[in-house]
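Chemist: Would you mind keeping the following structure in view while I ask a few things?
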Amino acid sequence: AQSVTQPDIHITVSEGASLELRCNYSYGATPYLFWYVQSPGQGLQLLLKYFSGDTLVQGIKGFEAEFKRSQSSFNLRKPSVHWSDAAEYFCAVGNFGNEKLTFGTGTRLTIIP
Amino acid sequence: DAGVTQSPTHLIKTRGQQVTLRCSPKSGHDTVSWYQQALGQGPQFIFQYYEEEERQRGNFPDRFSGHQFPNYSSELNVNALLLGDSALYLCASSHRDSSPLHFGNGTRLTVT
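Chains as they are written, first to last, in this note's numbering: chain U, 1 to 113; chain S, 114 to 225.
In structure tokens:
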């Protein structure tokens, strides 16, 4: 069975500081990996996805993520956070066709001035 | 280009009642999936519809059912509501050629 672990429930960083959100997955085949962001009361917006190829993927809003098969990880990074990045971040894994995604429990990001 | 739209945005129901939630997919998309997101949790897959048929189903009881119409819009029905059904219900659409999921803003269901 596939699963996703986001070990950090809540992270607080200062505006302008760098950010890394952790994601570990368990999947039997080649995973399709995603990061989504959710603002309060809103749906999920896709930040980036990994299907194959280059293990460092670029997304929207200056985010990037690196796929490390040996560590079963897909961590999300941003070199300098903005106050508008405060939100809930979800990592997800799926198969080809990706309708049935398995999500982690999310990491809530707080930005302090 | 309209994205995924869901209605209503909020709903309050009583235990034992039935509810219907609606979803219109993003233009050009033909597949609709439904997810349940309980407070403080990640979304959980309920089921997926393509060509008006249920193609995949998650670990949800038969009280949860759905329908897809010829215009690709979809409904989620929940019968015999329980307090535990209170959640944000998210609809997501995609194209059968595996475009990423696009989510709507959800319907917040409260069961009292």
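From the three backbone atoms N, C-alpha and C, an ideal C-beta is built for every residue, glycine too.
Quick one: complete beta strand (DSSP E) runs, 3+ long, within the segment 143-189 of chain S?
Modeler: Complete beta strand (DSSP E) runs here, min 3: 144-150, 157-163, 166-170, 177-181.
Chemist: If you measure from the beta carbon of residue 154 of chain S to each beta carbon in chain U, is any gap under 8 Å?
Modeler: Chain U contact via Cβ: present.
Chemist: State yes or no: is the C-beta of residue 175 of chain S nearer than 7 Å to some heavy atom of the ligand MG?
Modeler: This structure lacks the ligand MG; in fact it carries no ligand of any kind.
Chemist: Quick one: Cα of residue 205 of chain S to Cα of residue 191 of chain S, how far?
Modeler: Cα-Cα distance, rounded: 18 Å.
Chemist: Check residue 84 of chain U in the structure and name its three-state DSSP category.
Modeler: DSSP places residue 84 of chain U in helix when its eight states are reduced to three.
Chemist: Going by C-alpha to C-alpha distance, which of S:176, S:123, S:115 sits closest to residue 223 of chain S?
Modeler: Looking at the Cα atoms, S:123 is the closest of the given residues.
Chemist: For residue 4 of chain U, which residues in the same chain have their Cβ closer than 7 Å to its Cβ, ignoring the five residues on either side in sequence?
Modeler: Same-chain partners within the cutoff: 23, 25, 91, 92, 93, 102, 103, 104.
Chemist: Is residue 196 of chain S helix, strand or coil when you go by DSSP?
Modeler: Here residue 196 of chain S sits in helix by DSSP.
Chemist: Does the Cβ of residue 184 of chain S have 16 or more other Cβ atoms within 10 Å, making it buried, or fewer, making it exposed?
Modeler: Residue 184 of chain S should be labelled exposed.
Chemist: In chain S, which residues lie less than 8 Å from residue 105 of chain U when you measure between Cβ atoms?
Modeler: In chain order: 153, 154, 155.
Chemist: Once DSSP output is grouped into helix, strand and coil, what is the label at residue 73 of chain U?
Modeler: Note: residue 73 of chain U maps to strand in three-state DSSP.
Chemist: Check whether chain U comes within 8 Å of residue 189 of chain S, counting only Cβ atoms and requiring the distance to be less than that.
Modeler: It does not; no Cβ of chain U falls within 8 Å.
Chemist: Measure the CB-CB distance between residue 145 of chain S and residue 138 of chain S and report whether it falls below 8 Å.
Modeler: Yes; because the gap between Cβ atoms is below 8 Å, this pair is in contact.
Chemist: Just verifying my parser: in three-state terms, what is the DSSP assignment at residue 60 of chain U?
Modeler: Three-state DSSP puts residue 60 of chain U in a helix.
Chemist: On the criterion of 16 or more Cβ atoms from any shown chain inside 10 Å, does residue 88 of chain U qualify as buried, or is it exposed?
Modeler: By the neighbour-count rule (16 or more Cβ atoms within 10 Å), residue 88 of chain U is buried.
Chemist: By how many angstroms is the C-alpha of residue 126 of chain S removed from the C-alpha of residue 51 of chain U?
Modeler: About 41 Å.
Chemist: Please report the Cβ distance between residue 207 of chain S and residue 142 of chain S, rounded to the nearest whole angstrom; I am assuming they are in contact, meaning their Cβ atoms lie under 8 Å.
Modeler: Rounded, the Cβ-Cβ distance is 6 Å, consistent with contact.
Chemist: For chain S, is any of its Cβ atoms less than 8 Å away from the one on residue 42 of chain U?
Modeler: So, interface residue.
Chemist: Report the residue from S:169, S:182, S:155, S:193 whose alpha carbon sits nearest the alpha carbon of residue 176 of chain S.
Modeler: Cα-wise, what sits closest to residue 176 of chain S is S:193.
Chemist: Enumerate in chain order the residues of its own chain whose CB-to-CB distance from residue 173 of chain S is below 6 Å, with the five nearest sequence positions on each side excluded.
Modeler: Same-chain partners within the cutoff: 159.
Chemist: Please report how far the alpha carbon of residue 28 of chain U lies from the alpha carbon of residue 108 of chain U, in whole angstroms.
Modeler: Distance between the alpha carbons of residue 28 of chain U and residue 108 of chain U is about 28 Å.
Chemist: With H, G and I counted as helix, E and B as strand and the rest as coil, what does DSSP make of residue 24 of chain U?
Modeler: Here residue 24 of chain U sits in strand by DSSP.
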